[in-house]
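Undergrad:
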Amino acid sequence: MIRPVVGTVVSRVVIAVANLLVIVAAGQALGAVGLGTISLIVLGITIILLFTHIVGGGGLVYLIPRYGVRPLLVPSYSWVLICAAAASLIQQFIPLVPSEYVVHIVLLAGLQGLNSIHLGILLGRERIGLLNRIVVVQSIVQLAAFAVLLGMGGASVMDYVVATYLAHGTAVLISGTFALQRLETSRTRPEGVLKGLLHQGTLAQGANILQLLNYRLAYYLIEHFRGRAALGIFSVTTQLAESTWLVPKSIGGVLYSKVSNLVEAERQRDLTVILLKVAVAVAVISCAALLLIPDGVYTWIFGPEISGLRPILVRMAPGLIAMSASQVLSHYLSGTGRIKHNTIGSGIGLVITILVGFWLIPTSGLEGAAVTASLAYGLSVCYQLIVFRRVTGTSWAELLPHSGDRERAMRVWDRLKQRLVK
């Protein structure tokens, strides 16, 4: 158990660093407008993937041990094609991304959708180490290809697009080679395969769709009211800010696995409370580190057009700390079968983003967008905290740091070690 957890954390660190270096290269070579365009491309791909994952996402992990791989492939692959075709059609009527990149976004989303199916198969077979290596290779290929293409002269956003094709294509080939090696089937007749995929995927993706809109609706509002260059600056700020979630997300992933396999409600609660405090503490330290860096350093790293990041980070910091707590609480709620509360929490955040964003972004610009994010994240996690306290009977005092935390942490760690040894 320890090796997969450590491997996942290390992989996420490598991927985060690679993504940050891509942004640095883009900021230096393409400026704020180029960064804004890239952020819209990434967002467009992500939106399509949310729908492809309804069938070809996490539901595969649940269904592979029950049906085997072969009966799941046709509906999963077909769903990717259906989503890609639908996205291409919808873009003609609702232009969410720059028109010149629509075809590329659809194709890249299709490639990544195929890769998600293959990675889901590997995860369903518990080949976590191989999965981690593939996603790391994808990130490194994208960074290296982007750097080479920028160095060939005439830098443009298409350099990023081509690099992404190379990265996703490489990942699809590698993941497919390993995922499709053994196409065993279950003895159970899978008449309900598609129904099972839709059911599992819809439950998981409902909260994810609302959460993405909560995170990224501001992008469209900023571009509409403030322009592409302002969006580029905000996207850099967001990437830096969300790096504070790296450890909380890893903690949340570990918690989900543990809570799902623990029967005793008290142990689930104790583990969640202690990891919640650790996640928040790490986020506070990370936010403090970002705020201590002078604005001139950010400009030096990301390019002369990227300035004014620190005031945005100051206003976004409360929301970042709140969402670090959410990374733990949401995994507790999912692991105990209460996933609907994650959907409700994300919905609350989305409503705040819409109501406050349309007011603050036109009047206060990027700082208004940061305040909007903090309010949306804060109210979302407040709802999760209320549910957690109601379900577990945890008092507010227990959620605050106190002298008994060290003893509780040691008790939780001893329990985990006993389970890991078994």
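Offset between the sequence shown (1-based) and the numbering used here: plus 41. All C-beta atoms, glycine included, are put in the ideal place defined by N, C-alpha and C. Bear in mind that the values here come from a model prediction, so they are computed numbers and not experimental data.
Could you pull the start and end residues of the alpha helix (DSSP H) that I215 belongs to?
TA: On the sequence shown, position 174 is the one that residue 215 refers to. Looking at the DSSP string, the run of the alpha helix (DSSP H) that includes I215 is 198-220.
Undergrad: Closer than 8 Å is the cut-off here; do at least three beta carbon pairs connect the segment 181-190 with the segment 58-73?
TA: yes
Undergrad: Straight-line CA distance for E264 to L407?
TA: If you number the sequence shown from 1, residue 264 lands on position 223. If you number the sequence shown from 1, residue 407 lands on position 366. Computed Cα separation, rounded: 11 Å.
Undergrad: Using the three-state DSSP reduction, which class does A411 fall into: helix, strand or coil?
TA: By one-based count along the sequence shown, residue 411 stands at place 370. Of the three classes helix, strand and coil, the one that applies to A411 here is helix, per DSSP.
Undergrad: Between which two residues does the alpha helix (DSSP H) carrying L172 extend?
TA: Start at 1 with the first residue of the sequence shown, and residue 172 comes out as number 131. Per DSSP, L172 belongs to the alpha helix (DSSP H) from 169-192.
Undergrad: Report the rounded CA-to-CA distance for M357 versus S284, giving the unit in angstroms.
TA: Taking the first residue of the sequence shown as 1, we reach residue 357 at position 316. Taking the first residue of the sequence shown as 1, we reach residue 284 at position 243. Using only the alpha carbons, I get a separation of about 13 Å.
Undergrad: When the Cα atoms are used, what is the spatial distance from L350 to L262?
TA: Locating residue 350 in the sequence shown gives position 309, where the first residue counts as 1. Locating residue 262 in the sequence shown gives position 221, where the first residue counts as 1. Near 18 Å, if we compare the C-alpha coordinates of L262 and L350.
Undergrad: For G390 versus S421, is the C-beta distance shorter than 7 Å?
TA: Taking the sequence shown and counting its residues from 1, the one referred to as residue 390 is at position 349. Taking the sequence shown and counting its residues from 1, the one referred to as residue 421 is at position 380. Cβ distance < 7 Å, so G390 and S421 count as in contact.
Undergrad: Are G217 and L76 close, meaning C-beta to C-beta below 7 Å?
TA: For the purposes of this step, residue 217 is taken as residue 176 along the sequence shown, with counting starting at 1. For the purposes of this step, residue 76 is taken as residue 35 along the sequence shown, with counting starting at 1. No, these two residues do not count as a Cβ contact at 7 Å.
Undergrad: Hey, quick one: how far does the alpha helix (DSSP H) through W437 stretch, first residue to last?
TA: Numbered from 1 along the sequence shown, position 396 holds the residue referred to as residue 437. First-last of the alpha helix (DSSP H) with W437: 437-440.
Undergrad: With 16 other CB atoms within 10 Å as the buried threshold, where does Y427 fall?
TA: Sequence index remark: in the sequence shown, residue 427 carries index 386 (1-based). The residue you asked about is not Tyr; residue 427 is Ile in the sequence shown. By the neighbour-count rule (16 or more Cβ atoms within 10 Å), I427 is not buried but exposed.
Undergrad: When we look at the beta-carbon of S140 and count the other beta-carbons within 10 Å, is it buried (16 or more) or exposed?
TA: As a working note, residue 140 is residue 99 in the sequence shown. Classification of S140: exposed, given that the 10 Å Cβ count is below 16.
Undergrad: Would you kindly check if the distance between the Cβ of R310 and the Cβ of V74 is under 7 Å?
TA: Against the sequence shown, residue 74 aligns to sequence position 33. Against the sequence shown, residue 310 aligns to sequence position 269. Result no, Cβ atoms of V74 and R310 do not sit closer than 7 Å.
Undergrad: Let me make sure I understand the geometry here. Which of V392, S371, I169 has the alpha-carbon closest to that of L258?
TA: Sequence index remark: in the sequence shown, residue 258 carries index 217 (1-based). Of the candidates V392, S371, I169, the one whose C-alpha sits nearest the C-alpha of L258 is V392.
Undergrad: Count the C-beta pairs between the segment 337-347 and the segment 207-216 that are closer than 8 Å, then say yes if the count reaches three, no if not.
TA: no
Undergrad: Restricting to Cα atoms, I'd like to know which of F134, L164, G161, A126 is closest to V147.
TA: The residue you call residue 147 lines up with position 106 of the sequence shown. Closest by alpha carbon: A126.
Undergrad: Do you know offhand how far L91's Cα is from P442's?
TA: As a first step, residue 91 is located in the sequence shown; it is residue number 50 there, counting from the start. As a first step, residue 442 is located in the sequence shown; it is residue number 401 there, counting from the start. Cα-Cα distance, rounded: 37 Å.
Undergrad: Taking G360 and S291 to be in contact with their CB atoms under 8 Å, please state how far apart those CB atoms are, rounded to whole angstroms.
TA: One-based indexing of the sequence shown puts residue 360 at position 319. One-based indexing of the sequence shown puts residue 291 at position 250. Not quite, the Cβ-Cβ distance comes to about 20 Å (not below 8 Å), so this is no contact.
Undergrad: Can you determine whether any heavy atom of the ligand FMN sits closer than 6 Å to the C-beta of S436, and answer yes or no?
TA: This structure simply doesn't include the ligand FMN, nor any ligand for that matter.
Undergrad: Under three-state DSSP, which class holds T377?
TA: In the sequence shown, the residue the question calls residue 377 occupies position 336. Coil.
Undergrad: Given this structure, state the Cα-to-Cα distance separating I250 from S371, to the nearest angstrom.
TA: Counted from its first residue, the sequence shown places residue 250 at position 209. Counted from its first residue, the sequence shown places residue 371 at position 330. I250 and S371 have their C-alpha atoms roughly 14 Å apart.
Undergrad: Considering only C-alpha positions, which residue in the set V178, V203, A322, V177 is nearest to V189?
TA: Position 148 of the sequence shown, counted from the start, is the residue given in the question as residue 189. Per the Cα distances, V203.
Undergrad: May I ask you to report which of helix, strand or coil DSSP gives V58?
TA: As a first step, residue 58 must be located in the sequence shown, where it is residue number 17. In this structure, V58 counts as helix in the three-state DSSP scheme.
Undergrad: Tell me the DSSP secondary structure of V144 in three-state form.
TA: Translated into the one-based positions of the sequence shown, residue 144 becomes position 103. Three-state DSSP puts V144 in a helix.
Undergrad: In three-state terms, what does DSSP make of E346?
TA: As a working mapping, residue 346 is identified with position 305 in the sequence shown. The answer is coil: DSSP assigns E346 none of H, G, I, E or B.
Undergrad: Taking L281 as the reference, which of S129, L137, F429, F343 has the closest Cα?
TA: What you label residue 281 is simply residue 240 of the sequence shown in a count that begins at 1. Out of S129, L137, F429, F343, F343 has the C-alpha closest to the C-alpha of L281.
Undergrad: Is it the case that the Cβ atoms of A320 and V369 are separated by a distance below 7 Å?
TA: Looking up residue 320 in the sequence shown gives position 279. Looking up residue 369 in the sequence shown gives position 328. Yes, these two residues count as a Cβ contact at 7 Å.
Undergrad: Got a sec, what are the start and stop residues for the alpha helix (DSSP H) I17 sits in?
TA: Residue 17 lies beyond the range of the chain shown here (42 to 463); nothing can be said about it.
Undergrad: Whose C-alpha, out of L122, G194, L287, P136, is nearest the C-alpha of A70?
TA: Mapped onto the sequence shown, residue 70 falls at position 29. Selected option, being the one with the closest Cα: G194.
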